[in-house]
Structures are given as C-alpha cells and as structure tokens.
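Residue numbers (the working numbering): 249 to 733.
Yeah, the Cβ is synthetic: ideal placement off N, Cα and C, and Gly gets one too.
This structure is a prediction, so every number in the text was calculated from the model and none was measured.
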Amino acid sequence: MISPRLRFAPSPTGYLHVGGARTALFNWLVARKLGGTFLLRVEDTDRARSTDESTQAIFDGLNWLGLDWDEDVVFQGANLPRHRADAERLLAAGKAYRCFCTPDELSERRAKAEAAGGAFAYDRRCDQLAHDDVARRVAAGAPFVLRFRVPDGETAWTDLVHGRIAFPHTDIDDFVILRSDGTPIYNHAVVSDDIAMGITLVMRGDDHISNTPKQILLYEALGATIPQFGHLPMIHGTDGKKLSKRHGATAVGDYQHLGILPEAMVNFLALLGWSPGGDFDEVMTREQLIAAFSTDGLLKKAAVFDPQKLEWMNGQHLAKMPIERVAALVAPKLVAAGLATADELAAKPEWLHSLLELLRVRSRLVDDIVRQAAPFFGDTVGYEPEAVAKQWKDPAALRALFASVRELVAAHAEWSSGSLEAAHRALAESKGLGAGKLFQPLRVALTGSGVSPGLFDVMVLLGRERTRTRLLAAEEYLRGLSTDA
RNA sequence: GGCCCCAUCGUCUAUCGGUUAGGACGGCACCCUUUCAAGGUGCAGAGACGGGUUCGAUUCCCGUUGGGGCUACCA
C-alpha cells in the first residue's frame with residue numbers, strides 16, 4: 249500500500265460522533281503512517297437534514313482532535329452534475345434503466361411482501377418495458393428513477409480487516425442510483441466521488457459492509473479501478489447496544505467541554521478497535537500512535553465505549569504533558585470561575601505552575617483542577633461544614649493551637665515545604681499531639697476543606713502573609729463556635 | 001423474515017496449535033502517608049455451547065446460541 253489516498257466522509261446531520269471521530273482517526277493514522285493523503289468530504293446531499301452548524305461542528309471536532317486533512321474539503325453537493333452524468337453514462341451503456349414505479353407503489357408492494365412473510369425485492373418490471381413504451385412515458389413527462397441493473401453472479405472483495413467477504417447478486421436488488429428529481433442516491437454519489445478523488449483505500453464503519461458490493465458493481469460499470477476496503481467495527485454503549493444519545497455524551501464536543509484533552513481522546517479512540525499487539529504502554533502521544541500503527545492490528549469485534557477508562561487516560565495525559573500547556577488550558581477556566589484575572593495569572597507564571605503541579609496529579613479532567621484551585625486564590629476561604637464538624641471539635645483548644653502556629657509561621661525563616669513540615673512536627677510534639685491532630689485542623693483553617701494537596705506545599709503557595717491571615721480568620725471563626733457553645 | 005459481520009475477565013485487549021491464558025481500566029486489600037490523589041504490591045475475575053481436524057485446541061473447520069449491522073427515490 250504505497251501512498252494511499254483516504255477520506256473521511258461524514259454527513260453533516262448532527263455533531264461529530266465519537267464513532268465518526270474514530271473512523272476519521274483511523275483514516276488519518278493510515279495516511280500519516282504511510283505518507284498517504286487524508287481527505288475530508290462532507291456528504292451534504294440530504295439537503296433536508298444537512299445544516300451549516302453540523303458542518304462547522306465536524307470541522308471543529310476534527311481540528312480539536314488534531315486530525316488535519318490534506319486538500320480542500322469536498323462538498324458532495326457541488327458534484328451533482330457529475331453524479332448525474334455518471335448515472336446517465338450508465339443508462340446509455342445499458343447498465344442502468346429507467347423505472348417508473350412510484351414510491352407509493354413500491355412501498356405498497358413492499359408492505360404486501362412483508363405481510364406475506366417474504367422479503368421484498370424489486371421485480372424489475374420496468375426493465376421489461378418495451379422501448380417505445382419507455383419513450384412514450386418519457387415524452388409524456390412521466391417521472392422516473394434510474395436503477396442499476398445488477399448482473400448475475402457474485403461480488404467479493406478482500407477486506408482489510410475481515411478478509412474475504414462475498415455477496416451473491418441474488419441478494420442485491422436493482423438499486424436506485426438517481427432519484428426522479430435527478431439527484432444521486434448515496435451509493436452512487438459515494439462511488440462517483442471516490443473515483444473523482446482518486447481514493448485508493450476506503451475505511452469506514454462495518455455498517456457499510458452491505459453497501460460495498462453495490463459500490464463495487466458501480467466501480468466496475470463505470471470502468472474505474474476498485475479501491476481497497478477496510479471495515480472497522482462499531483462502538484457500542486455500556487449496554488452493548490450501538491452508541492447513541494441514550495448513553496450520554498457521544499459528541500466529541502461533549503468531551504471537550506467536560507475537560508477531556510484531545511490527545512487523551514485520540515489515544516483512547518485509537519485503542520478501541522486497534523491494538524499494536526503484545527505488551528505495550530497504553531498511554532501514547534499522537535506521534536507514538538502513528539509510529540505504532542498498522543492495519544494488521546485492526547480488530548473485528550465491536551468495542552464498548554468505557555468513559556471511566558477515558559477519564560483515567562485523560563488523567564495520565566494531564567500528568568505528563570508540559571506544565572505550560574496545562575496552564576494555557578486551565579488559566580481561562582480559572583478566570584471564568586472568577587478566581588483570578590488573566591493579568592494576575594500572567595504576572596506569576598511560576599507560582600501558577602507550582603500550583604498546577606500540585607493539582608494535576610489529583611485530577612482526571614481539566615475541570616477537576618479548577619474545582620480544587622479555589623483555596624489558593626483570594627484572601628478568605630469558606631469552611632466546608634463537614635470538615636468543620638469533623639476536624640474542629642474542640643474550638644477553644646484549636647484556637648490556642650492556631651495561635652501557636654501563627655507565631656511559628658511569623659518567625660520561621662525558611663519558607664519551604666520541608667522546613668515548615670519539620671517545624672510543625674516539632675510543634676505538635678511539644679504540645680503532645682500526633683502530627684495528624686495538628687495537620688488536619690490546620691488544613692481546614694488554610695483551605696476550608698479536609699482534602700487538599702500536602703499541607704506545607706499549600707503554605708508555600710499561600711505565602712507567609714496569607715497563611716497568617718487565614719489562621720487569624722480561623723481563630724475568629726472558632727471564637728464564634730465556642731461562644732455559641 | 002432474508003443477507004452479512006462478530007464472539008477471551010464487568011470493560012479494552014495479548015495470544016499468530018503446546019502459556020500456571022498475559023496486560024490495562026474498574027473493584028477489593030495492603031503499603032506509602034498529614035488528608036485526597038498519584039505511586040507500589042497483592043487478590044478476585046475470561047476462552048458462550050456442541051461437534052469435528054490434530055499427539056495436542058482459546059487458536060483451524062462446521063453447527064447451535066447470543067449480539068450487532070443492512071434490508072428506502074436516508075446517508
């Protein structure tokens with residue numbers, strides 16, 4: 249497979265679905281791995297359902313994931329003249345024929361066939377029409393569609409993931425290729441476009457397997473070279489059914505807003521339906537994926553989308569990526585949360601980086617970082633009732649304890665985590681307290697919560713002055729508790 | 001109904017005839033420890049079923065069952 253040309257061909261009728269994103273990803277991976285070309289074609293021929301918003305959503309999703317395409321986007325709708333010309337070429341060559349059956353007649357016959365328990369197949373009645381009869385109807389302006397005349401025989405191909413797949417033609421109807429309004433039907437438009445775009449490898453979901461023999465027949469009738477096909481397994485929801493909105497977030501945009509990183513999404517999706525084989529580190533960068541990728545590792549079985557594993561993977565990427573990128577991602581969200589202004593953050597990049605180092609290891613989603621960041625901004629903190637109830641059971645004693653800490657903090661020369669810890673341990677010991685008996689109440693005083701990064705890392709980030717004011721505030725709060733009591 | 005595809009722990013997967021069936025997520029336990037994470041260690045957990053082929057089948061073949069897809073003048 250030398251320099252293959254591939255394409256991702258979504259129809260803009262919704263958002264970029266994770267299944268579609270994965271199809272795009274595999275096409276992209278093959279192209280990047282083999283030095284091929286990855287193209288994007290928007291299949292907007294269903295004008296009733298296609299929207300500009302959906303088209304934009306597809307572009308946005310692909311861009312976010314970093315799946316760049318190599319040539320101008322092809323809009324299928326713009327190729328209508330060629331679709332029609334190709335269909336008429338087939339008619340002229342005797343490979344297609346006019347069918348005057350109306351949709352109503354067809355659905356009636358279909359209903360009748362199904363009621364009788366049989367499968368409906370077009371009976372080719374219009375292919376039996378006499379030439380002058382056809383001419384008369386055309387002259388009279390009777391509407392007609394163009395149907396492809398399926399020859400006797402069998403169509404088979406060697407699928408890149410499934411191996412040989414064959415369909416006897418007895419199972420294939422004389423399918424419509426051109427509607428009565430002159431617009432093409434999916435299979436015809438796809439083949440016409442794939443030929444025009446020079447596509448050499450068609451990779452798509454395996455829900456297209458049954459379309460493939462029809463398309464191959466069209467390639468042959470049009471005298472074109474048949475591309476290679478590869479049918480990827482589907483992605484299912486946790487209940488084993490085809491992934492749909494019922495399963496929650498299914499659009500890549502949903503995950504973007506949830507705080508999933510594009511590299512994590514790409515990594516996760518790549519491992520759904522593909523494996524490099526053997527033992528390997530599942531956390532991979534885009535570059536590592538390209539390096540490891542091979543169509544040999546494509547799986548046949550449908551995979552269940554596991555959001556938990558996606559989040560785990562996101563946490564892995566979050567922990568490994570350059571801290572500057574984390575900062576770039578989180579800063580706008582801190583601003584949006586009202587914790588700081590962009591200028592304030594820009595003024596102390598090193599402080600921000602230290603904070604993020606502490607928080608990212610405790611986070612799976614980007615937004616988890618934001619949720620934990622509040623205690624590090626502003627002069628005051630709100631106390632979580634549960635934390636107060638659990639850690640501040642003896643207000644009077646704690647007030648005195650915090651006063652001692654305040655003295656320690658004011659006098660302590662080396663403002664580093666290790667040094668502060670040693671000093672506090674000594675303080676706890678001098679008071680006859682276990683370290684935890686001092687640290688946990690102190691954590692609540694400084695962060696308002698019973699959960700936070702290492703206490704002395706917190707102090708370092710807070711700085712001496714804010715540490716002092718928070719202690720004061722806590723003492724004040726505790727005074728209130730004891731008078732109430 | 002017809003046609004097609006698929007089938008290893010709950011989930012993602014390794015295994016290309018011979019393994020105590022390996023890893024990862026999740027779960028549980030323990031370690032680390034000032035909390036929470038992260039990290040480390042350990043435990044539980046799988047070849048759907050029935051026939052073949054073979055000295056030997058998770059692996060190859062057939063059938064059954066189960067799941068999925070397609071079956072439009074949708075894409």
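Worksheet item: Straight-line CA distance for A279 to A388?
Response: Position 31 of the first sequence, counting from 1, holds the residue named residue 279. Position 140 of the first sequence, counting from 1, holds the residue named residue 388. Using only the alpha carbons, I get a separation of about 51 Å.
Worksheet item: What three-state label does DSSP hand A733 in the structure shown?
Response: As a first step, residue 733 is located in the first sequence; it is residue number 485 there, counting from the start. Bear in mind that the predicted position of A733 carries a pLDDT of just 45, short of 50, making it unreliable; the figure below should be weighed with that in mind. If DSSP states are grouped into helix, strand and coil, A733 belongs with coil.
Worksheet entry | Same chain, Cβ closer than 6 Å to I538, five either side skipped, listed in chain order | Taking the first sequence and counting its residues from 1, the one referred to as residue 538 is at position 290. R280, K281, listed in sequence order.
Discussion item. Output needed for R427: all residues of its chain with C-beta closer than 8 Å, excluding positions within five of it in sequence on either side, in chain order.
Written reply: Walking along the first sequence from the start, residue 427 turns up at place 179. Same-chain partners within the cutoff: V393, I433.
Fill in: Cα-Cα separation between A733 and E677, rounded to whole angstroms
Your numbering for residue 733 matches position 485 in the first sequence. Your numbering for residue 677 matches position 429 in the first sequence. Caution applies to A733, whose pLDDT of 45 falls short of 50 and renders its modelled position unreliable; the model cannot decide the point.
Worksheet item: Applying the criterion that 16 or more other CB atoms from any shown protein chain within 10 Å of the CB defines a buried residue, is F274 buried or exposed?
Response: Residue numbering aside, residue 274 sits at position 26 when the first sequence is read from its first letter. Buried, because 16 or more other Cβ atoms sit within 10 Å of the Cβ of F274.
Worksheet item: Nearest to D294 by alpha carbon, out of A326, F286, G268?
Response: Taking the first residue of the first sequence as 1, we reach residue 294 at position 46. The shortest Cα separation from D294 among A326, F286, G268 belongs to A326.
Worksheet item: For L604, does the three-state DSSP call read helix, strand or coil?
Response: As a working mapping, residue 604 is identified with position 356 in the first sequence. Reduced to three states, the DSSP call for L604 is helix.
Worksheet entry | Contact set for M532: own chain, Cβ-Cβ below 6 Å, skip 5 residues either direction | Here residue 532 corresponds to residue number 284 of the first sequence, with the count starting at 1. Same-chain partners within the cutoff: N515.
Worksheet item: What separation, rounded to the nearest whole angstrom, lies between the Cα atoms of P524 and E530?
Response: Position 276 of the first sequence, counting from 1, holds the residue named residue 524. Position 282 of the first sequence, counting from 1, holds the residue named residue 530. Cα-Cα distance, rounded: 10 Å.
Worksheet item: Going by other Cβ atoms of all chains shown within 10 Å of its Cβ, with 16 needed for buried, is S700 buried or exposed?
Response: Residue numbering aside, residue 700 sits at position 452 when the first sequence is read from its first letter. Per the 10 Å Cβ criterion, buried.
Practice prompt. Using a threshold of 8 Å, state whether the C-beta atoms of A651 and E723 are closer than that.
Written response: Within the first sequence, the letter at position 403 stands for residue 651. Within the first sequence, the letter at position 475 stands for residue 723. In contact: A651 and E723 (Cβ atoms closer than 8 Å).
Worksheet item: Out of C349, L470, T350, which has the shortest C-alpha to C-alpha gap to R332?
Response: Translated into the one-based positions of the first sequence, residue 332 becomes position 84. For R332, the nearest C-alpha among the options comes from L470.
Fill in: M561 (DSSP reduced to helix, strand or coil)
Position 313 of the first sequence, counted from the start, is the residue given in the question as residue 561. DSSP places M561 in helix when its eight states are reduced to three.
Worksheet item: For F256, which three-state DSSP category applies?
Response: By one-based count along the first sequence, residue 256 stands at place 8. In this structure, F256 counts as strand in the three-state DSSP scheme.
Item to complete: Pull up the distance between the alpha-carbon of A734 and that of V578, whole angstroms please.
Response: A question about residue 734 goes unanswered here, because the residues of the chain that appear run from 249 up to 733.
Discussion item. Taking a contact to mean a Cβ-Cβ separation below 8 Å, would you say T448 touches P252 in this structure?
Written reply: By 1-based counting over the first sequence, the position of residue 448 is 200. By 1-based counting over the first sequence, the position of residue 252 is 4. Yes.
Worksheet item: Relative to the alpha-carbon of F396, which residue among V386, L277, A363, H417 has its alpha-carbon at the smallest distance?
Response: Your numbering for residue 396 matches position 148 in the first sequence. Nearest C-alpha to F396: H417.
Worksheet item: How would you write the range of the alpha helix (DSSP H) that I413 sits in, first residue to last?
Response: The count along the first sequence starts at 1 and reaches residue 413 at position 165. No alpha helix (DSSP H) contains I413, which is instead part of the beta strand (DSSP E) from 411–416.
Worksheet item: Where does K638 fall in DSSP's three states?
Response: Locating residue 638 in the first sequence gives position 390, counting from the first residue. Helix.
Practice prompt. Quickly, what does DSSP pair P432 with across the bridge? List them, please.
Written response: The sequence position of residue 432 within the first sequence is 184, counting from 1. P432 is bridged to L426.
Discussion item. Strictly by DSSP, which residues pair up with M451?
Written reply: In the first sequence, counting from the first residue as 1, residue 451 sits at position 203. Partner(s): G478.
Discussion item. My output table needs one value for W599: the three-state DSSP class, helix, strand or coil.
Written reply: The residue labelled residue 599 in the question sits at position 351 within the first sequence. In this structure, W599 counts as helix in the three-state DSSP scheme.
Worksheet item: Beta carbon of V409, beta carbon of K548: below 8 Å?
Response: Working through the first sequence from its first residue, we reach residue 409 at position 161. Working through the first sequence from its first residue, we reach residue 548 at position 300. Going by C-beta atoms, V409 is nearer than 8 Å to K548.
Worksheet entry | Selected residue, minimal CA-CA separation from N311, among K489, W276, V614, V629 | As a working note, residue 311 is residue 63 in the first sequence. The shortest C-alpha separation from N311 is found at W276.
Worksheet item: D554 to E669, Cα distance in whole Å?
Response: Position 306 of the first sequence, counting from 1, holds the residue named residue 554. Position 421 of the first sequence, counting from 1, holds the residue named residue 669. Approximately 41 Å, taken between the alpha carbons.
Worksheet item: Whole-angstrom Cβ separation of V749 and S664, contact assumed at under 8 Å?
Response: With the chain represented from 249 up to 733, any question about residue 749 goes unanswered, as that position is not in the structure.
Discussion item. Are the CB atoms of H495 and A551 within a distance shorter than 8 Å?
Written reply: Here residue 551 refers to the residue found at position 303 when the first sequence is read from its first residue. Here residue 495 refers to the residue found at position 247 when the first sequence is read from its first residue. Not a contact, by the Cβ cut-off of 8 Å.
Practice prompt. Please state if the CB of R612 and the CB of Q620 are separated by a distance shorter than 8 Å.
Written response: Taking the first residue of the first sequence as 1, we reach residue 620 at position 372. Taking the first residue of the first sequence as 1, we reach residue 612 at position 364. Cβ distance not < 8 Å, so Q620 and R612 don't count as in contact.
Fill in: Burial state of R534, where buried means 16 or more other Cβ atoms lie within 10 Å
Walking along the first sequence from the start, residue 534 turns up at place 286. Under this definition R534 is a buried residue.
Worksheet item: What number of angstroms, rounded off, separates the C-alpha of D400 from the C-alpha of T486?
Response: Numbered from 1 along the first sequence, position 152 holds the residue referred to as residue 400. Numbered from 1 along the first sequence, position 238 holds the residue referred to as residue 486. About 43 Å.
Practice prompt. Could you please give me the residues that DSSP links to R395 through a beta bridge?
Written response: What you label residue 395 is simply residue 147 of the first sequence in a count that begins at 1. DSSP output for R395 lists Y345, V424 as bridge partner(s).
Worksheet item: DSSP beta-bridge partners for I483?
Response: Here the question's residue 483 lines up with position 235 in the first sequence. In the DSSP output, where bridge partners are listed per residue, I483 has A551.
Practice prompt. Find the nearest neighbour of R255 within the set Y263, A269, T261, judged by alpha-carbon distance.
Written response: Taking the first sequence and counting its residues from 1, one reaches residue 255 at position 7. Cα-wise, what sits closest to R255 is A269.
Practice prompt. State the beta-bridge partners of R289 as determined by DSSP.
Written response: Against the first sequence, residue 289 aligns to sequence position 41. DSSP, once it has assigned bridges, lists V322 as partnering R289.
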